[in-house]
Amino acid sequence: MSNFDLSALSSDIVSFNNFSLTPTDPSDIFEFSLANDRTLGLNLHNISVGDDADLLLYRDSNNNGILDSGDLLVASSGVSGNANDVIRYSATAGTYFAEVRRYGPGSSGAVRYDLDLSAIYSLDAALSSQTVSYDNFGLSAADPTDVFEFDILNDRTIQLHLNNISAGDDADLRLFRDSNGNGIFDAGDQEVANSTNPGNASDIIDYSATAGTYFAQVERWTTSSGDVQYDLNLSAIYGLGTPLGSAIVGYDSFGLSAADPTDVFEFTIANDRDLQLNLHNISTGDDADLRLFRDSNGNGIFDADDQEVARSLNGGNASDIIDYVATAGTYFAQVERWDTGNGAASYDLDLAAVYNLGKLGSSAIALSNYSLTPADPNDVFEFSLGSDNTINLSLNNISAGNDADLRLFRDSNQNGILDSGDQLLDASLASGNASESITYHGRRWHHLRRGLVDKILVAQLLLAALNLRQQGYRSSF
Numbered sequence: 191m192s193n194f195d196l197s198a199l200s201s202d203i204v205s206f207n208n209f210s211l212t213p214t215d216p217s218d219i220f221e222f223s224l225a226n227d228r229t230l231g232l233n234l235h236n237i238s239v240g241d242d243a244d245l246l247l248y249r250d251s252n253n254n255g256i257l258d259s260g261d262l263l264v265a266s267s268g269v270s271g272n273a274n275d276v277i278r279y280s281a282t283a284g285t286y287f288a289e290v291r292r293y294g295p296g297s298s299g300a301v302r303y304d305l306d307l308s309a310i311y312s313l314d315a316a317l318s319s320q321t322v323s324y325d326n327f328g329l330s331a332a333d334p335t336d337v338f339e340f341d342i343l344n345d346r347t348i349q350l351h352l353n354n355i356s357a358g359d360d361a362d363l364r365l366f367r368d369s370n371g372n373g374i375f376d377a378g379d380q381e382v383a384n385s386t387n388p389g390n391a392s393d394i395i396d397y398s399a400t401a402g403t404y405f406a407q408v409e410r411w412t413t414s415s416g417d418v419q420y421d422l423n424l425s426a427i428y429g430l431g432t433p434l435g436s437a438i439v440g441y442d443s444f445g446l447s448a449a450d451p452t453d454v455f456e457f458t459i460a461n462d463r464d465l466q467l468n469l470h471n472i473s474t475g476d477d478a479d480l481r482l483f484r485d486s487n488g489n490g491i492f493d494a495d496d497q498e499v500a501r502s503l504n505g506g507n508a509s510d511i512i513d514y515v516a517t518a519g520t521y522f523a524q525v526e527r528w529d530t531g532n533g534a535a536s537y538d539l540d541l542a543a544v545y546n547l548g549k550l551g552s553s554a555i556a557l558s559n560y561s562l563t564p565a566d567p568n569d570v571f572e573f574s575l576g577s578d579n580t581i582n583l584s585l586n587n588i589s590a591g592n593d594a595d596l597r598l599f600r601d602s603n604q605n606g607i608l609d610s611g612d613q614l615l616d617a618s619l620a621s622g623n624a625s626e627s628i629t630y631h632g633r634r635w636h637h638l639r640r641g642l643v644d645k646i647l648v649a650q651l652l653l654a655a656l657n658l659r660q661q662g663y664r665s666s667f
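Take a look at the structure:
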């Protein structure tokens, strides 16, 4: 038996290559210690063809510094043949022994192998919209990397923020996917994103990810002086791949729990719009609130520096609605479980960004050179009437070979947003690129108070151009 002392094991992968076992020397022992709780990743691979070796992990239970019968076997892998043996074990601080043992019945002569060992940080639960923070962590020349493992259960936008790097130092940030699916961080994993800003400037990764296991790596830059201190924040939110438009984007049957009480939805608007958020179908006996944040610092991720610009905090499972006049930029909608609920709270969330024309008067409003695409197939224009008036709508100059239709809705439920509860008043559905027109006698209605926002909604009507095949139109009111 051969013994190897690794001292303290960290996130840096320690490799032993081209080691061998024989019938007379059938095992190797690798001793190492952990200074704090970590997830151990052991990978026994490149076992010689026609041979077999197994991997065992012991804890020095009696604290005598040697592997003996008093030590506890805490994990093992005995895959047959020369297939890889992998151990992933959540370990507490202490001394451990990794044993590579030749399997005699499955081997002929000397067995050659490679062994990789590392000890990383791992989240106990899947990463979600709740920010997970690792503060006041440190790197040194002798221990230059930290690795943080996490899972996401569905497609999310992973947001990593490496900040508060000590003055005069530098650290970089990388994101890896567990490409080979073995559950440990190794050379077979794919780097999918990185941020390598110079000096102690923050590093940020905003990555659209599919469900799976990922590793965030913080690496000390060699020009740093001494130890490098840093903070790392991780979250996984929902992100729209394209700018939000008038077409309603719905997130249905989502859920919150006491352990995972918030969801965050990121979106951008390409120009000034009226943001309309509708949190509804909240489960009976539960409560959830709705907040809207703007990416005030422009770093592309949801963090403590972002400004809350609107909120709706209705009690119980009543719908929460936000109708906010927004400028172009990035925004985050946050749904938060109110902790007086019955457990898991389910909900639906609808998002849309419409055009707000204000109060319509006798002077015509001309909107020219607007366009629609299959990915963004409708535009909605919101307006109000100050008195009983005849509304004249004209949709014209539709591009040749295309078709667009015109519909007029009334905000029947007086919630200030276009939704399924609104009444269709009239429609113009001419075929091809023929002009569409609507003439309708509109009426005033009463003011509405909702949430924390007072707003006079006087005959609020909405014009929706729907069912577009391609793009290009001009509209006037």
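Numbering (my numbering), first residue to last: 191 to 667. Ideal Cβ placement from N, Cα and C applies to all residues, glycine included.
Inside the segment 325–396, DSSP marks whole beta strand (DSSP E) runs of 3 or more residues at positions 335–342, 346–353, 361–367, 380–385, from first to last along the chain. If you draw a straight line from the Cα of Ile588 to the Cα of Gly548, it comes to about 25 Å.
By the criterion of at least three beta-carbon pairs nearer than 8 Å, the segment 311–331 is not in contact with the segment 248–262. Assigned with DSSP and collapsed to three states, Gly519 falls in strand. By the C-beta density criterion, Thr403 is buried, having at least 16 other C-beta atoms within 10 angstroms.
When C-alpha distances from Ser627 are compared across Val290, Leu614, Leu596, the shortest belongs to Leu596.
If you draw a straight line from the Cα of Ser558 to the Cα of Ile395, it is about 38 Å long.
Residue state for Gly294 is assigned as helix, using DSSP reduced to three classes. Here DSSP, grouped into helix, strand and coil, assigns Asn208 to strand.
Excluding the 5 residues flanking it on each side, Asn372 has same chain C-beta neighbours closer than 6 Å at Val276, in chain order. Here the alpha carbon of Asn384 sits roughly 9 Å from the alpha carbon of Ala406. By the criterion of at least three beta-carbon pairs nearer than 8 Å, the segment 464–473 is in contact with the segment 604–621.
Straight-line measurement puts the Cα of Val408 at about 14 Å from the Cα of Ser414.
Membership of Asn233 in the beta strand (DSSP E) is indicated by the continuous run 228–235. Here Ala535 is bridged, per DSSP, to Leu446. In the DSSP assignment, Asn423 falls within the beta strand (DSSP E) that extends over 418–429. Taking the CA atoms as reference points, Ser266 sits about 49 Å from Thr458. DSSP links Val276 through a beta bridge to Asn233.
When the five nearest sequence neighbours on each side are left out, the beta carbons in the same chain lying within less than 7 Å of the beta carbon of Gly271 are those of Asp242, Gly296, in order along the chain. Boundaries of the beta strand (DSSP E) harbouring Thr458: 452–459, taken from the DSSP string. The distance from the Cβ of Phe522 to that of Phe444 is about 15 Å, inconsistent with a contact at the 8 Å cut-off.
8 Å or more divides the Cβ of Leu422 from the Cβ of Phe492. Annotated as proximal: Leu434 and Ala543, with beta-carbon spacing under 8 Å.
For Tyr324, the closest C-alpha among the options Gly299, Leu352, Ile374, Ala391 is that of Leu352. Looking from the CA of Asn253, the closest CA among Glu221, Asn582, Leu305, Gly268 belongs to Glu221. For the pair Ala300 and Thr212, the CB atoms are nearer than the 8 Å cut-off. The criterion of a C-beta distance shorter than 8 Å is satisfied by Asp442 and Asp538. DSSP, read as helix, strand or coil, puts Thr403 in strand.
A distance below 8 Å between beta-carbons, with the five flanking residues on each side excluded, links Asn274 to the following residues of its chain, in chain order: Asn233, Leu234, His235, Ile237, Asn372. For Ser574, the enclosing beta strand (DSSP E) starts and ends at 569–575.
Going by beta carbons, Leu307 and Ala288 fall inside the 8 Å limit. Taking the CA atoms as reference points, Ile348 sits about 14 Å from Asn489.
Between Val290 and Asp227, the beta carbon gap of about 25 Å keeps them out of contact (Cβ cut-off 8 Å).
Secondary-structure assignment with DSSP links Asp242 through no beta bridge to anything. Take the alpha-carbon of Val204 and the one of Asn461: they are about 51 Å apart. Just measuring C-alpha positions, the residue of Asp485, Tyr279, Asp540 sitting nearest Gly440 is Asp540.
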